[in-house]
Amino acid sequence: MQETTAGGRRAQLHLPHRTVQTPVFMPVGTAGSVKAVPQDTLEALGAEIILGNTYHLYLRPGHEAIRRMGGLHRFISWPRAMLTDSGGFQVFSLSQLRKVTDDGVQFRSHLDGSSHMFTPEHSMDVQIALGADIAMAFDECTEYPADRARAQESLRLTMAWAQRSLDHFRAHRDSVVWREELGGTQNLFGIVQGGMYTDLRRQCAERLAEMDFDGYAIGGLSVGEPRELTLEMIAEVLPLLPPDKPRYVMGVGYPDEIEQYAKLGVDMMDCVLPTRAARHGLLFTSEGRVNIKNKKYAEDQEPPDPACGCPVCRRYSRAYLRHLMHAGEALSGTLNSIHNLAFYLGIMERVRSELAGGQP
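Under the numbering used here, the residues of the sequence shown are numbered 149 to 508, in order.
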């Protein structure tokens, strides 16, 4: 691992399905699909690792069905690395449909209202069945704003669930479907919570480090807090995490943010923003943000980003992308998403080169 004086790190993450170059941005494939973008296109763009969403895949098509079909990699035809979240954040977002106890979270499906229970052990069983290279400990995400008492209670649950997740995962991870074929084992990352209280974040990070997870994530960010508070929490936690383990900040962020965090020493980031913004006509470019719906682009024959070499910018004009948006064509979301993902992945490629002293 190479580390700069400013704290940025250049390394490789050796996973069963792929050796991933870090720092890395991970496109989000919520239901086994990075929305509107085919898997072969993701490969061509250079995506080395994507996310799957445990909550959504558990509800549909079901983790046992995916296990019977050879695991999530085989089911979605993705040969590279993958990470699954624990389902904790999605359950957190169902604030009107859930009940939290020491044992876990009882919730109602947003699809049909059926009742389900996620415990740390069940989250591990689902993620082992899905078979991603990296699984996440089941945590209790703290909303923003939250008073200190609420943050302390959330931290108490997160710490108890982290240990239960780790114990169950270590006892059962050898049953992953690709174990005999690929060798190696799944990895489990712990998640640092604690709201926006630095002392609670420190306490959580130090205790998780003692548990010796395979890697560590900083969760509970991008939940409505000011940007400077996000940065403060990241800067507070990073020095407390083991330097020889991956550091993952969950759910961030805008292009300038992911570059800033990577140069602080964050190894992994994910966010739905590039594809979600794309579906609403917002493009990220070297010249700033472009709302492709604007009338001024109606006859603009320039590429979306003249400095970008992605397949979209090499072939299509701003006028055409605007037309697709206004015509309601499905291709609009695809082309916009491909460009935005290429832009995000390109940022990380450039940062990796800078951290390696100009070497790719």
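Note that beta-carbon positions come from the ideal geometry of N, C-alpha and C, so glycine has one too.
Which residue marks the beginning of the alpha helix (DSSP H) containing residue i, and which one marks its end?
i	result
Y409	403 to 412
A383	375 to 385
P459	459 to 463
W226	No alpha helix (DSSP H) holds W226; DSSP gives it neither H nor E.
S181	Counting along the chain, S181 falls outside any alpha helix (DSSP H), and DSSP gives it neither H nor E.
R321	Here R321 belongs to no alpha helix (DSSP H), and DSSP marks it neither H nor E.
V274	268 to 278
R208	Element bounds for R208: n/a, residue is neither H nor E.
From which residue to which residue does the beta strand (DSSP E) around residue i run?
i	result
M230	229 to 232
F432	430 to 433
P175	172 to 177
Y345	Unbroken run through Y345: none, as it is neither H nor E.
Give the DSSP bridge partners of residue i, in chain order.
i	result
A283	L336
K247	Q254
C419	P175
Q160	Q169
L389	Its beta-bridge partners do not exist; DSSP assigns none.
Does residue i come out as helix, strand or coil in the three-state DSSP assignment?
i	result
S263	strand
S501	helix
P394	coil
N439	strand
G494	helix
V168	strand
A365	strand
L242	coil
G200	strand
M473	helix
T153	Here T153 scores only 48 on pLDDT, less than 50, and its place in the model should not be relied on; the value that follows carries that caveat. Looking at T153 - three-state DSSP - the assignment turns out to be coil, as it is neither helix nor strand.
What whole-angstrom Cβ distance do residue i and residue j have, given they're in contact under 8 angstroms?
i	j	result
A504	R158	5 angstroms
Q341	G368	5 angstroms
I276	H221	Contact flag wrong, Cβ pair sits at about 13 angstroms.
R166	A229	4 angstroms
L278	I214	6 angstroms
V313	S262	Before going on, a small fix: residue 313 reads as Ser here, not Val. Not a contact, Cβ separation roughly 24 angstroms.
Going by Cα to Cα distance, which pick from the options is closest to residue i?
i	options	result
D287	A365, R321, T189, G476	A365
L483	P227, L161, A425	A425
L245	Q351, L231, D233, H264	H264
L356	L231, H471, L303	L303
S485	L412, P459, E497, A475	P459
V400	L479, P175, Q160, M284	P175
K393	T423, L377, E358, P403	E358
E291	W309, L242, P454, T249	L242
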